[in-house]
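Using numbering that gives the first Met the number 0, the letters of the sequence shown correspond one by one to residues 0 to 331.
Note that the Cβ used here is the ideal one computed from N, Cα and C, for glycine as well.
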Amino acid sequence: MEFRHLGRSGLLVSEISYGNWITHGSQVEEDAAKLCVRAALDEGITTFDTADVYAGTKAEEVLGRALKGVRRESLEIFTKVYWPTGPGPNDRGLSRKHITESVHGSLRRLQTDYVDLYQAHRFDNSTPLEETLKTFDDLVRQGKVLYVGVSEWTAGQIAQALKIADEMGFDRIVSNQPQYSALWRVIEAEVVPLSEKEGVSQIVWSPIAQGVLSGKYLPGQPPPAGSRATSESGAGFISRFLEDDVLTRVQELKPIAADLGLTMAQLAVAWVLQNPNVASAIVGATRPEQVRDNVKAVGVKLDAEVLKRIDDALGPIVERDPAKTVSPEKRP
Ligand SMILES: NC(=O)c1ccc[n+]([C@@H]2O[C@H](COP(=O)([O-])OP(=O)(O)OC[C@H]3O[C@@H](n4cnc5c(N)ncnc54)[C@H](OP(=O)(O)O)[C@@H]3O)[C@@H](O)[C@H]2O)c1
0 MEFRHLGRSG LLVSEISYGN WITHGSQVEE DAAKLCVRAA LDEGITTFDT
50 ADVYAGTKAE EVLGRALKGV RRESLEIFTK VYWPTGPGPN DRGLSRKHIT
100 ESVHGSLRRL QTDYVDLYQA HRFDNSTPLE ETLKTFDDLV RQGKVLYVGV
150 SEWTAGQIAQ ALKIADEMGF DRIVSNQPQY SALWRVIEAE VVPLSEKEGV
200 SQIVWSPIAQ GVLSGKYLPG QPPPAGSRAT SESGAGFISR FLEDDVLTRV
250 QELKPIAADL GLTMAQLAVA WVLQNPNVAS AIVGATRPEQ VRDNVKAVGV
300 KLDAEVLKRI DDALGPIVER DPAKTVSPEK RP
């Protein structure tokens with residue numbers, strides 16, 4: 000495993016992190032979840048990402064049990080707040096009330112006294128940014144949270160948060176967690192340049208496009224049995240990539256991966272790690288073999304010619320529009 004700094008902070012994170020969206024507490028049974036976490040630890044992954052909302056809070060519980068007994072100092076545990084975790088109007092968003100209540104729930108479920116990184120899962124248009132940042136800063140001072148970050152924020156929103164933090168002396172955000180893959184590059188035009196200038200890292204999600212970039216979904220064919228596309232919890236999320244034109248283009252990556260002696264999943268993970276603003280690629284897994292496959296992307300260098308071959312293969316299906324980074328207008 001190799002490690003990168005999270006933004007301009009002293010914290011090191013593993014280049015590959017393990018995330019449990021859709022899987023823990025939902026698509027996979029607890030035994031499989033524990034085996035995947037064990038495989039991640041065995042492969043040198045130290046960084047684990049979850050959120051209060053995953054599987055209606057059950058994902059944090061599963062991760063807490065799976066990591067029980069592991070030396071806390073050897074782990075970086077990341078979680079998030081924003082999406083609804085209960086029926087009430089205050090069970091969501093980035094108000095002082097919800098953040099404070101949610102972090103306590105996360106710490107209890109994760110069976111830990113602190114999280115290493117606490118992330119605003121989206122931008123909350125219904126809470127003054129000062130209120131959110133002051134609450135995050137209070138949690139840092141209380142030692143419940145060591146670093147703060149955001150997820151799917153635009154360059155403008157990140158810049159605004161940094162300005163307020165600098166003016167008020169609040170803890171600065173060190174990371175953003177956006178979707179990023181060879182198919183989804185919407186952060187490149189605005190978020191990455193701003194983040195590089197400000198010492199903010201990207202911790203990127205769905206680097207394999209939820210499994211699509213592994214090449215296992217074939218155009219015109221039903222999805223493989225047991226895959227995310229066939230699962231009740233995941234099918235709706237992956238559907239945006241299951242168009243025949245996307246799947247046909249993705250198959251053209253196969254010879255590129257083969258020439259490099261990589262699996263397509265490894266090529267996909269290696270691709271995001273070529274961007275120096277990416278601190279870590281968060282991979283998901285339903286089976287330990289997938290974790291072991293994906294970590295081999297660490298240390299792989301893709302030269303300019305390979306990157307061009309990938310661009311030529313994918314062509315017009317790559318999404319680059321920065322306007323695709325959006326948070327809900329109103330709290331969900
Ligand atoms: N901040 C946010 O808003 C946000 C949103 C989404 C995700 N995330 C984070 O990012 C993490 C990763 O997201 P993701 O699960 O979509 O990432 P991903 O790594 O792109 O996709 C993971 C899925 O792809 C399949 N897969 C993985 N490795 C494979 C391999 N080697 N060969 C074949 N199939 C493979 C597995 O699904 P099957 O076996 O079921 O096919 C696995 O569950 C999440 O757990 C979460 O922590 C954050």
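### Query
Could you give the residue range of the alpha helix (DSSP H) that holds ARG37?
Counting from 1 along the sequence shown, the entry for residue 37 is found at position 38. Segment 29-41, the alpha helix (DSSP H) holding ARG37.
### Query
Given THR49, which residues of its chain have a CB within under 6 angstroms of its CB, disregarding the five upstream and five downstream residues?
Your numbering for residue 49 matches position 50 in the sequence shown. Only ASN19, ALA58, GLU59, LEU62 and THR78 meet the Cβ criterion.
### Query
Would the beta-carbon of ASP48 be found less than 7 angstroms away from any heavy atom of ligand 3?
Among the ligands in the structure shown, ligand 3 does not appear; only ligand 1 can be found there.
### Message
Looking at ligand 1, does it come within less than 7 angstroms of SER226, judged from the CB to the closest heavy atom?
### Response
Taking the sequence shown and counting its residues from 1, the one referred to as residue 226 is at position 227. Yes, ligand 1 has a heavy atom inside 7 angstroms of this Cβ.
#### Entry: alpha helix (DSSP H) runs contained entirely in the segment 274-323, provided each spans 4 or more residues
287-293 and 303-313
### Query
ASP292 and GLN265 look like a contact to me (Cβ under 8 angstroms); what is the Cβ gap, rounded to whole Å?
Residue numbering aside, residue 292 sits at position 293 when the sequence shown is read from its first letter. Residue numbering aside, residue 265 sits at position 266 when the sequence shown is read from its first letter. Confirmed, about 7 angstroms.
### Query
Is it the case that the CB of THR373 approaches a heavy atom of ligand 1 more closely than 7 angstroms?
Outside the modelled stretch of the chain, which goes from 0 to 331, sits residue 373, for which no answer is possible.
### Query
Residue range of the beta strand (DSSP E) that LYS79 falls in?
Your numbering for residue 79 matches position 80 in the sequence shown. That run of the beta strand (DSSP E) goes 75-80.
### Task
Using 10 angstroms around the beta-carbon of VAL268, count the other beta-carbons present and answer buried if the total reaches 16, otherwise exposed.
Sequence index remark: in the sequence shown, residue 268 carries index 269 (1-based). VAL268 is buried by the Cβ-count criterion.
### Query
Which same chain residues, not among the five before or five after ARG308, have their C-beta less than 6 angstroms away from its C-beta?
Here residue 308 refers to the residue found at position 309 of the sequence shown. Taking ARG308 as the centre and dropping the five residues before and after it, the same chain places the C-beta of ILE255 closer than 6 angstroms to its C-beta, in chain order.
### Message
Considering only their Cβ atoms, is the gap separating LEU193 from ALA334 smaller than 8 angstroms?
### Response
The question about residue 334 has no answer here: the residues shown for the chain are numbered 0 through 331.
### Query
Among TYR81, ARG108 and GLN110, which one has its Cα closest to the Cα of HIS97?
The residue labelled residue 97 in the question sits at position 98 within the sequence shown. Taking only the C-alpha atoms, the option nearest HIS97 is TYR81.
### Query
Three or more beta-carbon pairs under 8 angstroms between the segment 140-154 and the segment 278-293, yes or no?
no
### Message
Within 10 Å of its beta-carbon, does ALA65 have 16 or more other beta-carbons around it, so buried, or fewer, so exposed?
### Response
Indexing the sequence shown from 1 puts residue 65 at position 66. When all chains shown are included, ALA65 counts as buried.
#### Entry: Nearest to ASP244 (by Cα), restricted to the options GLY210, TYR216, ARG227 and GLU29
Here the question's residue 244 lines up with position 245 in the sequence shown. Ranking the options by Cα distance to ASP244, first place goes to TYR216.
### Query
Any idea if PRO206 is buried or exposed, counting beta-carbon neighbours within 10 angstroms, 16 or more meaning buried?
As a first step, residue 206 must be located in the sequence shown, where it is residue number 207. So PRO206 ends up on the buried side.
### Query
Does any heavy atom of ligand 1 sit closer than 7 angstroms to the C-beta of ILE172?
For this step, residue 172 is matched to residue 173 along the sequence shown. No, Cβ of ILE172 sits at least 7 angstroms from all heavy atoms of ligand 1.
### Query
Span of the alpha helix (DSSP H) holding ASP136?
The residue labelled residue 136 in the question sits at position 137 within the sequence shown. Residues 128-140.
#### Entry: Backbone CA spacing between GLU195 and THR45 [nearest angstrom]
Start at 1 with the first residue of the sequence shown, and residue 195 comes out as number 196. Start at 1 with the first residue of the sequence shown, and residue 45 comes out as number 46. Roughly 24 angstroms between the two C-alpha positions.
#### Entry: Rounded separation between LYS329 and PRO222 - CA only
What you label residue 329 is simply residue 330 of the sequence shown in a count that begins at 1. What you label residue 222 is simply residue 223 of the sequence shown in a count that begins at 1. Distance between the alpha carbons of LYS329 and PRO222 is about 35 angstroms.
### Query
Thinking C-alpha only, which one of PRO83, ARG37, SER200 and TYR113 is nearest PRO275?
Taking the sequence shown and counting its residues from 1, the one referred to as residue 275 is at position 276. Across the set PRO83, ARG37, SER200 and TYR113, the C-alpha of SER200 shows the shortest separation from the C-alpha of PRO275.
#### Entry: Segment limits, beta strand (DSSP E) that includes SER16
Mapped onto the sequence shown, residue 16 falls at position 17. Taken as a continuous stretch (DSSP letters only), the beta strand (DSSP E) holding SER16 covers 15-18.
### Task
Note down the Cα distance separating LYS162 from LEU11, rounded to an integer number of angstroms.
Taking the sequence shown and counting its residues from 1, the one referred to as residue 162 is at position 163. Taking the sequence shown and counting its residues from 1, the one referred to as residue 11 is at position 12. The C-alpha of LEU11 is placed about 25 angstroms away from the C-alpha of LYS162.
### Query
With distances taken from CA atoms, which of ARG37, GLU42 and GLN26 is nearest GLU14?
Reading the sequence shown from its first residue, position 15 is the one you call residue 14. Per the Cα distances, GLU42.
### Query
Opposite ASN175 in the DSSP bridges: which residues?
Indexing the sequence shown from 1 puts residue 175 at position 176. DSSP lists VAL149 and GLN201 as partners of ASN175.
### Task
Check whether the Cβ atoms of GLU189 and ALA164 lie closer than 8 angstroms to each other.
Within the sequence shown, the letter at position 190 stands for residue 189. Within the sequence shown, the letter at position 165 stands for residue 164. The Cβ atoms of GLU189 and ALA164 lie no closer than 8 angstroms to each other.
### Query
Among residues of its own chain, excluding the 5 on either side of PHE240, which ones have a beta-carbon nearer than 7 angstroms to its beta-carbon?
Stepping through the sequence shown from its first residue, residue 240 is reached at position 241. So the qualifying residues of the chain are LEU182, ALA208, GLN209 and VAL211.
### Query
Taking just the CA atoms, how far does ILE76 sit from SER105?
Within the sequence shown, the letter at position 106 stands for residue 105. Within the sequence shown, the letter at position 77 stands for residue 76. Cα atoms of SER105 and ILE76: separation of roughly 11 angstroms, rounded to the nearest angstrom.
### Query
So, are the CB atoms of SER174 and GLY148 less than 8 angstroms apart?
Position 175 of the sequence shown holds residue 174. Position 149 of the sequence shown holds residue 148. In this structure, GLY148 lies closer than 8 angstroms to SER174 by Cβ.
### Query
What residue range is occupied by the uninterrupted alpha helix (DSSP H) comprising ARG108?
Looking up residue 108 in the sequence shown gives position 109. Where ARG108 is concerned, the enclosing alpha helix (DSSP H) stretches over 95-109.
### Task
Grab the span of the alpha helix (DSSP H) containing GLN118 for me, first residue to last.
Translated into the one-based positions of the sequence shown, residue 118 becomes position 119. For GLN118, no alpha helix (DSSP H) run applies; the uninterrupted beta strand (DSSP E) run containing it begins and ends at 114-119, by DSSP.
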